[in-house]
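A short worksheet on the structure shown next.
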Amino acid sequence: MRNPAFEFTRAITRRPASTIAQGLRAEDIGNPDLESMLKAHAAYVAALRSTGAEVIELDPLEAYPDAQFVEDTALCLPQGAILMRPGAPSRIGEVAEMAPTLRVCYDDVRAITGPGHIEGGDILVTGREILVGRSDRTDAAGVAELAEIASEWDYALREVFTPEGVLHFKTDCSLMDEETILSTKRLDASGCFEGYRVLHVAEGEEAAANAIRFNNLVLMAAGFPRTAEILDNAGFEIVEIDNTDCAKLDGGMSCLSLRF
Numbered sequence: 001m002r003n004p005a006f007e008f009t010r011a012i013t014r015r016p017a018s019t020i021a022q023g024l025r026a027e028d029i030g031n032p033d034l035e036s037m038l039k040a041h042a043a044y045v046a047a048l049r050s051t052g053a054e055v056i057e058l059d060p061l062e063a064y065p066d067a068q069f070v071e072d073t074a075l076c077l078p079q080g081a082i083l084m085r086p087g088a089p090s091r092i093g094e095v096a097e098m099a100p101t102l103r104v105c106y107d108d109v110r111a112i113t114g115p116g117h118i119e120g121g122d123i124l125v126t127g128r129e130i131l132v133g134r135s136d137r138t139d140a141a142g143v144a145e146l147a148e149i150a151s152e153w154d155y156a157l158r159e160v161f162t163p164e165g166v167l168h169f170k171t172d173c174s175l176m177d178e179e180t181i182l183s184t185k186r187l188d189a190s191g192c193f194e195g196y197r198v199l200h201v202a203e204g205e206e207a208a209a210n211a212i213r214f215n216n217l218v219l220m221a222a223g224f225p226r227t228a229e230i231l232d233n234a235g236f237e238i239v240e241i242d243n244t245d246c247a248k249l250d251g252g253m254s255c256l257s258l259r260f
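First residue of the sequence shown: 1, per UniProt numbering; consecutive thereafter.
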């Protein structure tokens, strides 16, 4: 039986726009290079397709420089999709742009209507529950509205807290299999993963925590050799993707796709 938490038949991505230098960032460490970003994005899509999954590539949205980070716009579950309500005002319009594609893929598409806010980067779906991290982009009201919708589909939702100074919950963690989570030590120290097997990223490689398990592969950012070795020793098949330019916009592996 397919495990919908990490075994997928489809993914949605969006190519970066020429306006990416206008994207949001917590710290200015330089502007991303469009050509390099497109090359890395193509490698990402190729890795997803190599597993046999269908990948829907959407056109760039020049009016939304963060729109390649499609994960924040929706939560995709087997029963249906839930449109999010981003906490960043400049990103709210991305949801309406994503909605038509999701309505083609799903019979049941629901929406967070507010007044709360919630972004997909704060949501980790495991085999047993939905973990939602409160952050600067996801508030209590947004979590409560998602919990109400998820309960109709028999999901247990647990609210946890994203470390201060960390953009999204999944900036610091990712699901590797039904029992295993890759996490930074600072996030795991909160106790939010009690009952799971936790693999810690190597010291100084905290940015490696945002990875994705996609069918037989783990896609992780390149440049973190000790964490790659940890995952390899744990039996995971790794594909390393250049994340240099996405990282300048606080983006990572999970941000670049919706998976279902």
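Beta carbons are placed, not taken as given, at the ideal position from N, Cα and C, and that holds for glycine.
Cβ-based neighbour list, residue i, same chain, cut-off 8 Å, excluding 5 preceding and 5 following
i: residue 115; result: 141
i: residue 218; result: 176, 211, 212, 231, 236, 237, 238 and 239
i: residue 18; result: 34, 60 and 62
Where the alpha helix (DSSP H) containing residue i begins and where it ends
i: residue 46; result: 34 to 49
i: residue 98; result: 93 to 105
Option nearest residue i by Cα separation, candidates the options
i: residue 191; options: 162, 92 and 245; result: 162
i: residue 117; options: 106, 87, 123 and 105; result: 87
i: residue 257; options: 234, 230, 222 and 213; result: 213
i: residue 15; options: 55, 7 and 8; result: 55
i: residue 123; options: 95, 100, 5 and 63; result: 5
i: residue 193; options: 178, 202 and 204; result: 178
i: residue 76; options: 103, 66 and 52; result: 103
i: residue 233; options: 200, 249, 204 and 223; result: 200
i: residue 52; options: 7, 43, 139 and 220; result: 7
Where residue i falls: helix, strand or coil (DSSP)
i: residue 83; result: strand
i: residue 122; result: helix
i: residue 214; result: strand
i: residue 161; result: strand
i: residue 7; result: coil
i: residue 234; result: coil
i: residue 192; result: coil
Alpha carbon of residue i to alpha carbon of residue j, nearest angstrom
i: residue 145; j: residue 83; result: 11 Å
i: residue 189; j: residue 198; result: 11 Å
i: residue 30; j: residue 68; result: 18 Å
i: residue 20; j: residue 89; result: 17 Å
i: residue 243; j: residue 120; result: 19 Å
i: residue 226; j: residue 23; result: 30 Å
i: residue 224; j: residue 250; result: 17 Å
i: residue 253; j: residue 38; result: 14 Å
N-terminal and C-terminal residue of the beta strand (DSSP E) that residue i is part of
i: residue 133; result: 130 to 134
i: residue 220; result: 217 to 221
i: residue 75; result: 74 to 77
i: residue 181; result: 180 to 183
i: residue 198; result: 197 to 200
i: residue 111; result: 109 to 111
Contact set for residue i: own chain, Cβ-Cβ below 7 Å, skip 5 residues either direction
i: residue 106; result: 80 and 81
i: residue 205; result: 224, 226 and 227
Chain-order list of residues whose beta-carbon lies under 6 Å from that of residue i (same chain, five-residue window excluded)
i: residue 57; result: 13
i: residue 92; result: 86
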